[in-house]
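Protein sequences, first through last, are from chains C and W. Each residue of the first sequence is one higher than the last, beginning at 1 in full-length UniProt numbering. Each residue of the second sequence is one higher than the last, beginning at 1 in full-length UniProt numbering. Remarks on the structure that follows.
Protein chains: 2
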Amino acid sequence: MTTDPLVIFTPSGKRGRFPVGTPVLTAARQLGVDLDSVCGGRGICSKCQITPSYGEFPKHGVHVADDALSEWNAVEERYDRVRGLTKGRRLGCQATVQSDIVIDVPAESQVHRQVVRKAATQRDIVMDPATKLYYVEVQEPDMHEPSGDLERLCKALKDQWQIEGVAAPLSVMRKLQPVLRKGGWKATVALHKDHHSKDHTLVDIYPGFDETPVYGLAIDLGSTTVAAHLCDLRTGLVAASAGIMNPQIRFGEDLMSRVSYAMMNKGGDQEMTRAVREAIDQLTKDIALEADIDPARILEAVFVCNPVMHHLLIGLDPVELGQAPFALATSDAMSLTSTELGLGAMNAAAQIYILPCIAGHVGADCAAVALSEEPGKSEDLVLIVDVGTNAELLLGNKTRVLACSSPTGPAFEGAQISSGQRAAPGAIERIEIDPVTKEPRFRVIGSDLWSDDEGFAEATKGTGISGICGSGIIEAVAEMRMAGILDASGLIGSAEMTGTPRCEARGRTHEYVIYDGIANGGPRITVTQGDIRAIQLAKSALYAGARLLMDEMNVETVDRVVLAGAFGAHISAKHAMVLGMIPDVPLEKVQSAGNAAGTGARIALSNIGARSDIEQIVHQITKVETAIEPKFQEHFVNANAIPHATDTFPNLSGIVTLPVVDYNQKNQGDGGGGRRRRRG
Amino acid sequence: MTTDPLVIFTPSGKRGRFPVGTPVLTAARQLGVDLDSVCGGRGICSKCQITPSYGEFPKHGVHVADDALSEWNAVEERYDRVRGLTKGRRLGCQATVQSDIVIDVPAESQVHRQVVRKAATQRDIVMDPATKLYYVEVQEPDMHEPSGDLERLCKALKDQWQIEGVAAPLSVMRKLQPVLRKGGWKATVALHKDHHSKDHTLVDIYPGFDETPVYGLAIDLGSTTVAAHLCDLRTGLVAASAGIMNPQIRFGEDLMSRVSYAMMNKGGDQEMTRAVREAIDQLTKDIALEADIDPARILEAVFVCNPVMHHLLIGLDPVELGQAPFALATSDAMSLTSTELGLGAMNAAAQIYILPCIAGHVGADCAAVALSEEPGKSEDLVLIVDVGTNAELLLGNKTRVLACSSPTGPAFEGAQISSGQRAAPGAIERIEIDPVTKEPRFRVIGSDLWSDDEGFAEATKGTGISGICGSGIIEAVAEMRMAGILDASGLIGSAEMTGTPRCEARGRTHEYVIYDGIANGGPRITVTQGDIRAIQLAKSALYAGARLLMDEMNVETVDRVVLAGAFGAHISAKHAMVLGMIPDVPLEKVQSAGNAAGTGARIALSNIGARSDIEQIVHQITKVETAIEPKFQEHFVNANAIPHATDTFPNLSGIVTLPVVDYNQKNQGDGGGGRRRRRG
């Protein structure tokens, strides 16, 4: 009696004995080894490539003979001739086991391959998308057994892929008969698996074996911008990224003004729904064009957005979100189709997943941040701040996670700032003010040079110097505070008091001139007392929200601050802390997570299990409602000072010494009126 | 120790002991007694009315005291004052058990009440529709527990009705928030249960307690006409019936000409789909108007139709149904929504159920006939013939059921008949020919008088005598055969040969004049040799189909023939048999089932279990494909004679003696040419 050959797979280490003649793919499947195949072992797809190893393997206790696998067969020879097989590789479905063998599964042959998400944190996304391609061979129709083409396709999926419960939307049904005939009863189908029911939807069908990639969109639907990543659903790689302005801006700059528009104008909500859906269609076309793909190959989309955007996207009147108790029509995650959402640019049967909302003010975008940043898995206490038009905050660690939203308004995005503009070429994004001369120097988007570097004028000739963006205004205000141009109460001193002619009178207050391009036909870019007030309101709201969560968590400090959002990626930790936007922590403990909401969307697009995860996670997050919490007002008022009226910032003090100035004592007009009158 | 009171329900006989103070409704629910309630026991809906019985019940071994139930309470008093409670009745949710009691549940308080379907067969439909109303009280939103309104509604359904897995389409989501607020967080919801998954869909929501009936449509979508019944989903009663011509007729009279239209004209299938959907919308509006209801209260529709109509309804190109192997795109039953089908007149979230097709030629209409007539439950061997533009046949008994379709063409409907018209006032529907005088008398639709009755002219003045309908032409041909005007080969004799001047020459053949209204400005209604040929083709196809099924079943006779279809209701058994349309059986064994397909649709609408039943039944039916069966041609040729060339009709011979005539021997032109040449 001889024993069957031993088959050992690396890197998994899985092993088992199989009869001589067993295809490697069959052995891998029986052992649960992660070896890909789209054609089901027919030698068509070449996804099951493996690398056999020969010789002695003391570690595994085997010797692998040169003829441990069957010789190359005709299928492998043809494949090699036509498409080229990497040296040393075999097709797992063709090569059969002859004697003990060690087989390596290269990364690109693994279904659940890992995609490095970002270098900074080395976090990975494991590819296990809801939508996958399957090659099937369907029985031809037979008058004596008159089942429908769909029923025979379903039978093929059951027999060849062990997939049951497949439903086909009417739009796909229309293609079914011609495609099956065109492909000679062979077809590649895209199936979407529902993460709850495990049922499948037939999203599309292609004749014969079709390995053209299929794609998903991860869409971050913000109040101001709509940003999308086009992801290859097999590899997880981003094929293209694009953004578009949210056209709802014409109905209102911020969320509450859009809710008001819906309240005041009959059908206004539907107008806004139409507008945003059209924008998503445009974005879909743009991104497909950029990646040079057929938009009908976009078979899935995942949306993250705040609650008002959420309701307007799915076509619900957001009016209840504008008044206490801020009731969502629905808070759970939603699975829809592009047709139901009226999105016409992607595949007509594309499957849409919208992440769950956490509360009436804390949306699916915050859920996506939670999915990406995983505060509930953090050992230390982390405060995650997603700064957009509204700010969402998450505070937590392994024991508990809290969330709230804070009405910062759009000042941090450069809106409602006198020289403000969105982050685009020509916008001032970095600024430094010399504490002695009080002279500024700055950088604009589009050039790496500082304004006092040689060649700056030349480098910025194309873009000009057009305004100041969100991160620029934060740096400007913080630098003004550090240079003694601004006092702790937020008052800009006069030229006389500050010793710089750049502090010019403007009515009864002062403004600081950063750049005067009038002589050259350009703008005059200043920071006005009004700008300071807008930033103060925004940062007070943000800080008060953080404090409210800290109260609820019963802590006085946090261990770590993560700044999320495109904006968070661009602001300097030091400046944010000088401004008192965030609680005092060691500077190195302030991290940027980039567009964490967008990353969360990509995770949910790439991994079906992440959908169940986040749906469970949001139920474990404790929501804190800022609007009804009396302490919020108190925290807000105390946070008005720069950096803060009562909280000490010991870590900040270790790095920066803020000038002790007070421009209010000298009766500098009405700008600081509130404080003056209170003290007077 | 005392034992709890005994509660006995009639007519079910269910009994159990319950603590003093238990509401009767609670006892009924715990025992599984079929006692209705929409409001869940809140004393609002009054559906749970019961009749207590008092005194001695030797059969049950109990004595019921006068105070066996609690006294009338305020809820019952108010209900009686406002709406009136039938004497002796109590509200089951208010009356509580005090001592042993016998309680009768009247029929109208049963959920699963039986609706008498038709007097003829005394078959019942048990009401258990997929869509039902439920009253719920929903928790108000709370900022500290910020779930969505939908999630709280679902929780209420789970807590108050033990219903889980409820999904809401976006169109209903839009109503959710305003309706819940309007009803003060009380609402009546219409839920549709999927008969496979048991999941529910929220079809509509109404503020507060709303007992306005909700409806379903049972639609028989025929090639020529679309017929609908509007059924109250609670009572099962038909509130209105209506019909409309199928506007696809303008693309082709019969099915194959419509398939041809789709093949020859790009987008032709979509044109036909639009046309039929518009007609269904119009029919929906008509029927709602007739019943004086809001069409948005139509929450469900069930469709039965042949395969070509099926594909055109759901928007699929029927081209494959026009050529072997007649592959259906899908054969299984379908569950859709009115929005998916583009039906705009009923509720936007109305749930559509389409019965399964049996084969490429045997559609959901035939499945509906099987559901209604249940050949698979028959003790004797029954042949069911559904005569429409095509004929579908079912042959079976408890052991086995066979099905086929036979291409009769539209002659039986009066189409392609020289004086033919559809069954409408003025059409000749009955005819008798005196075998001695060869003189006809007839009746037209709209009058009960015969043409030789006094007052006939007066009675038909309004309608006129306009043509001859399907049942009329069958009687005419059979009567001509019985009167010796027509020979067994189907040749009309000349005036000389038949002895009546009503046999007039028409070219080289003859026609029989039934009515000549030319002098009065009316039509001249005749039966031409061409008409005879059309009827012969149709009846040969029908008979050949039946014989093919009998061959497959290995029988020479059947026990019983059921004629289904509106047409089947109007033709006389004797005439059908003289013609040789159906196999020879005793005349009393020929039964009419009326519109059995429409009845099948009503059954599927009224009883959710019937959907699973028919889906299982169709898989057990053996399909026989007439088009590829060589014996079909042989049977067809033999069936060309009237009644038949080879089969004896012993039962018919016992009633009718057909004249032995042969008009072919005398060389009567080309009309009988085929036979003549073969014999010559």
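We put the beta carbon where it would ideally sit given N, CA and C, even for glycine.
Quiz item: Does DSSP put C/K87 in a helix, in a strand, or in coil?
Solution: Position 87 of the first sequence, counted from the first residue, corresponds to residue 87 of chain C. C/K87 falls in the coil class under three-state DSSP.
Quiz item: Any Cβ of chain C within less than 8 Å of the Cβ of W/A348?
Solution: Working through the second sequence from its first residue, we reach residue 348 of chain W at position 348. Not an interface residue.
Quiz prompt | Residue range of the beta strand (DSSP E) that includes W/I428 | solution = Residue mapping note: residue 428 of chain W aligns to position 428 of the second sequence, counting from 1. Note, W/I428: beta strand (DSSP E), 427 to 433.
Quiz prompt | Reference W/P410, options W/C469, W/Y134, W/D128, closest by Cα | solution = Locating residue 410 of chain W in the second sequence gives position 410, where the first residue counts as 1. When only C-alpha atoms are compared, the closest one is W/C469.
Self-check item: Cβ pair C/A187, C/V138 closer than 8 Å
Solution: On the first sequence, residue 187 of chain C is found 187 positions in, with the first residue counted as 1. On the first sequence, residue 138 of chain C is found 138 positions in, with the first residue counted as 1. Contact flag set, yes.
Quiz item: Just how far apart, CA to CA, sit W/D159 and W/H144?
Solution: To locate residue 159 of chain W, count along the second sequence from 1; it is residue 159. To locate residue 144 of chain W, count along the second sequence from 1; it is residue 144. Approximately 21 Å between the Cα atoms of the pair.
Quiz item: Considering only residues of the same chain and omitting the five flanking positions on each side of C/P11, which have a CB-CB separation below 8 Å?
Solution: The sequence position of residue 11 of chain C within the first sequence is 11, counting from 1. So the qualifying residues of the chain are D104, V105.
Exercise. Compare the beta carbon distance of C/D199 and C/A190 with 8 Å and say whether it is the shorter of the two.
Key: By one-based count along the first sequence, residue 199 of chain C stands at place 199. By one-based count along the first sequence, residue 190 of chain C stands at place 190. No, these two residues do not count as a Cβ contact at 8 Å.
Practice problem: Under 8 Å by Cβ, that's how I've got C/A130 and C/I608 pegged, so tell me the actual separation to the nearest angstrom. | Solution: Residue numbering aside, residue 130 of chain C sits at position 130 when the first sequence is read from its first letter. Residue numbering aside, residue 608 of chain C sits at position 608 when the first sequence is read from its first letter. Rounded, the Cβ-Cβ distance is 4 Å, consistent with contact.
Quiz item: Residues in its own chain within less than 6 Å of W/K193 by CB, not counting five upstream and five downstream?
Solution: Counting from one through the second sequence, the residue named residue 193 of chain W turns up at place 193. Excluding sequence neighbours, W/K193 sits near A130, H200.
Practice problem: Provide the residue(s) that pair with W/M334 in DSSP beta bridges, ordered along the chain. | Solution: Locating residue 334 of chain W in the second sequence gives position 334, counting from the first residue. Its beta-bridge partners are W/I354.
Quiz item: Is it buried or exposed for C/T509, if we count other Cβ within 10 angstroms and need 16 for buried?
Solution: Taking the first sequence and counting its residues from 1, the one referred to as residue 509 of chain C is at position 509. Classification for C/T509: buried.
Quiz prompt | 4 or more residues per run - each alpha helix (DSSP H) lying fully within the region 630 to 665 of chain C | solution = 630 to 638, 650 to 653
Quiz item: Under the DSSP definition of a beta bridge, which residues are partnered with C/V304?
Solution: As a working note, residue 304 of chain C is residue 304 in the first sequence. For C/V304, which the question treats as bridged, DSSP gives the partners C/D220.
Quiz prompt | Residue-chain proximity (W/V590, chain C), Cβ-Cβ < 8 Å | solution = Here residue 590 of chain W refers to the residue found at position 590 of the second sequence. No, W/V590 lies away from the interface with chain C (no Cβ there is under 8 Å from its Cβ).
Quiz item: So who's on the other strand from W/D67, going by DSSP bridges?
Solution: By 1-based counting over the second sequence, the position of residue 67 of chain W is 67. Paired residues: none, contrary to the question.
Quiz item: Can W/V75 and W/G32 be called in contact, C-beta distance under 8 Å?
Solution: The sequence position of residue 75 of chain W within the second sequence is 75, counting from 1. The sequence position of residue 32 of chain W within the second sequence is 32, counting from 1. Cβ atoms of W/V75 and W/G32: not closer than 8 Å.
Quiz item: Nearest to C/I293 by alpha carbon, out of C/T212, C/A349, C/E373, C/A301?
Solution: The residue labelled residue 293 of chain C in the question sits at position 293 within the first sequence. Of the listed residues, the one whose Cα sits closest to C/I293 is C/T212.
Exercise. With 7 Å as the C-beta to C-beta threshold (strictly closer), list the residues of the region 598 to 632 of chain W near chain C in chain order.
Key: K623, E625, I628
Quiz prompt | Three-state class that DSSP yields for W/S171 in the structure shown | solution = In the second sequence, residue 171 of chain W corresponds to position 171, counting from 1. Reduced to three states, the DSSP call for W/S171 is helix.
Quiz item: Helix, strand or coil: how does DSSP classify W/F18 here?
Solution: On the second sequence, residue 18 of chain W is found 18 positions in, with the first residue counted as 1. In this structure, W/F18 counts as coil in the three-state DSSP scheme.
Quiz prompt | Proximal chain C residues relative to W/A329, where beta-carbon distance stays under 7 Å | solution = Locating residue 329 of chain W in the second sequence gives position 329, counting from the first residue. In chain order: G148, D149, L150, M173, L176, Q177.
Quiz item: Which residue's Cα is closest to the Cα of W/E71: W/G84, W/V64, W/R90, W/V656?
Solution: Translated into the one-based positions of the second sequence, residue 71 of chain W becomes position 71. W/E71 has its Cα closest to that of W/R90, out of W/G84, W/V64, W/R90, W/V656.
Quiz item: Can you list, in chain order, the residues of its chain whose CB lies under 7 Å from that of C/C45, leaving out five sequence neighbours each side?
Solution: On the first sequence, residue 45 of chain C is found 45 positions in, with the first residue counted as 1. These residues qualify, in order along the chain: S37, V38, C39, Y135, F209, E211.
Exercise. Go to C/A403, then tell me how far its beta strand (DSSP E) extends in each direction, as first and last residue.
Key: Numbered from its first residue, the first sequence carries residue 403 of chain C at position 403. Residues 400 to 406.
Quiz item: Within 8 Å (strictly less), CB to CB, does C/G360 reach chain W?
Solution: As a first step, residue 360 of chain C is located in the first sequence; it is residue number 360 there, counting from the start. It does: the Cβ of C/G360 has a partner Cβ on chain W nearer than 8 Å.
Exercise. Determine whether the Cβ of W/P440 lies closer than 8 Å to any Cβ atom of chain C.
Key: In the second sequence, the residue the question calls residue 440 of chain W occupies position 440. No, its Cβ sits nowhere closer than 8 Å to a Cβ of chain C.
Quiz prompt | Sequence-distant residues of the same chain with beta carbon closer than 6 Å to W/T460, five excluded per side | solution = To locate residue 460 of chain W, count along the second sequence from 1; it is residue 460. So the list reads V444, S447, once near-sequence residues are dropped.
Practice problem: Report yes or no: is there a C-beta of chain W within less than 8 Å of the C-beta of C/G396? | Solution: In the first sequence, counting from the first residue as 1, residue 396 of chain C sits at position 396. By this cut-off, C/G396 is not an interface position.
Practice problem: Have a look at W/D487, W/M497, W/A424 and flag the residue whose alpha-carbon is nearest the alpha-carbon of W/G462. | Solution: Stepping through the second sequence from its first residue, residue 462 of chain W is reached at position 462. Nearest option by C-alpha distance: W/A424.
Quiz item: In chain order, which continuous runs of the alpha helix (DSSP H) of length 4 or greater are located wholly inside the region 29 to 61 of chain C?
Solution: none
Quiz item: Comparing the C-beta of W/D194 with each C-beta of chain C, is any distance below 8 Å?
Solution: Taking the first residue of the second sequence as position 1, residue 194 of chain W is located at position 194. Chain C, which has no Cβ nearer than 8 Å to the Cβ of W/D194, makes this no.
Quiz item: According to DSSP, which residues form a beta bridge with C/Y261?
Solution: Within the first sequence, numbered from 1, the residue matching residue 261 of chain C stands at position 261. Its beta-bridge partners do not exist; DSSP assigns none.
Quiz item: Run through DSSP, which three-state label would W/L255 get?
Solution: As a position in the second sequence, residue 255 of chain W is number 255, starting the count at 1. Helix, per DSSP.
Quiz item: Is there contact here, the region 331 to 338 of chain C with the region 376 to 394 of chain C, by at least three beta-carbon pairs under 8 Å?
Solution: no
Practice problem: Report the three-state DSSP secondary structure of C/Q110 (helix, strand or coil). | Solution: Along the first sequence, one-based indexing puts residue 110 of chain C at 110. If DSSP states are grouped into helix, strand and coil, C/Q110 belongs with coil.
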